[in-house]
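Read the structure below first, then the notes.
Numbering (the working numbering), first residue to last: 1 to 203.
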């Protein structure tokens with residue numbers, strides 16, 4: 001079961017085309033930014049809210065039950081203080097700026113936070129090839145991911161249907177970037193599926 005935890009339509013008219021393409025490519029569930037409620041119909045669609053991390057979590061979550069909650073780190077130094085987010089979100093998204101500036105001294109904070117780390121494939125691959133500045137930071141994560149110290153989720157952040165990638169092609173890309181086949185498959189299947197189960201259970 002392939003899952004994409006980050007669909008971010010450029011406009012409302014793009015959503016239907018994205019979902020149709022996702023079904024055709026073999027995805028069985030997606031999380032969609034801006035969706036009001038969960039939708040079933042051949043493809044499970046879970047609403048998602050992404051907050052910018054400003055050193056602390058928001059004060060209340062009553063209105064967001066049933067939503068996938070993500071926090072996005074915008075600066076490498078944000079990694080130093082993540083303990084307050086434990087139990088307050090489902091995934092921690094690392095922006096391309098954070099990956100590009102990732103230092104080894106921050107990697108332990110990612111390991112200790114106990115929250116699945118989300119990386120967008122759009123941040124790793126540019127229109128004209130690989131984003132080498134970001135890949136350097138990504139490579140610092142790989143040993144921890146392979147050892148199981150950090151759980152990695154790969155999402156598309158697709159804004160239209162053309163930005164979706166076939167799951168098998170995505171696995172091949174991740175293997176080329178240094179992940180084992182097992183971890184590559186887990187990053188787009190069993191781990192994001194577990195995250196969605198947490199959403200369903202209001203965790």
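Ideal Cβ placement from N, Cα and C applies to all residues, glycine included.
- Pull up the DSSP beta-bridge partners for residue 93, would you. 72, 118
- Assign residue 103 to one of three DSSP states: helix, strand, or coil. coil
- Confirm the yes/no value for this check: CB of residue 29, any heavy atom of the ligand GTP, distance under 7 Å. Looking for the ligand GTP in the displayed structure turns up nothing, as the structure carries no ligands at all.
- Task: Grab the span of the beta strand (DSSP E) containing residue 227 for me, first residue to last.
- Result: This structure gives no information on residue 227, because the portion of the chain shown stretches from 1 to 203.
- Since residue 151 is in the beta strand (DSSP E), which residue starts that stretch and which ends it? Element bounds for residue 151: n/a, residue is neither H nor E.
- Evaluate contact between the region 152 to 169 and the region 177 to 194, counting only Cβ atoms and requiring at least three cross-stretch pairs below 8 Å. yes
- Going along the chain, which residues of its own chain have a beta-carbon closer than 6 Å to the beta-carbon of residue 30, five neighbours each way excluded? 4, 7, 22, 45
- Exposure of residue 54, with buried meaning 16 or more beta-carbon neighbours within 10 Å: exposed
- Query: Sorted by chain position, which residues of the same chain lie with C-beta nearer than 7 Å to residue 134's C-beta, five sequence neighbours on each side aside?
  - Reply: 96, 99, 100, 123, 124
- Task: Classify residue 130 as helix, strand or coil using the three-state DSSP reduction.
- Result: strand
- Leaving out five residues before and five after residue 39 in sequence, what residues of the same chain have Cβ atoms less than 7 Å from its Cβ? 45
- Message: Going by beta-carbon coordinates alone, are residue 181 and residue 175 separated by less than 8 Å?
- Response: yes
- Can you give the Cα-Cα distance for residue 119 and residue 74, rounded to whole angstroms? 13 Å
- Message: Suppose you measure from the CA of residue 185 to the CA of residue 109; what does that come to, to the nearest Å?
- Response: 25 Å
- Query: Are residue 145 and residue 115 touching if we call contact CB-CB under 8 Å?
  - Reply: no
- Message: Which same chain residues end up closer than 8 Å to residue 166 when comparing Cβ atoms and leaving out the 5 residues on each side of it in sequence?
- Response: 25, 26
- Message: Using C-beta distances below 7 Å, list every residue in its chain close to residue 104, excluding the 5 sequence neighbours before and after it, in chain order.
- Response: 140
- Quick one: what's got a C-beta closer than 7 Å to residue 132's C-beta in the same chain, skipping five residues either side? none
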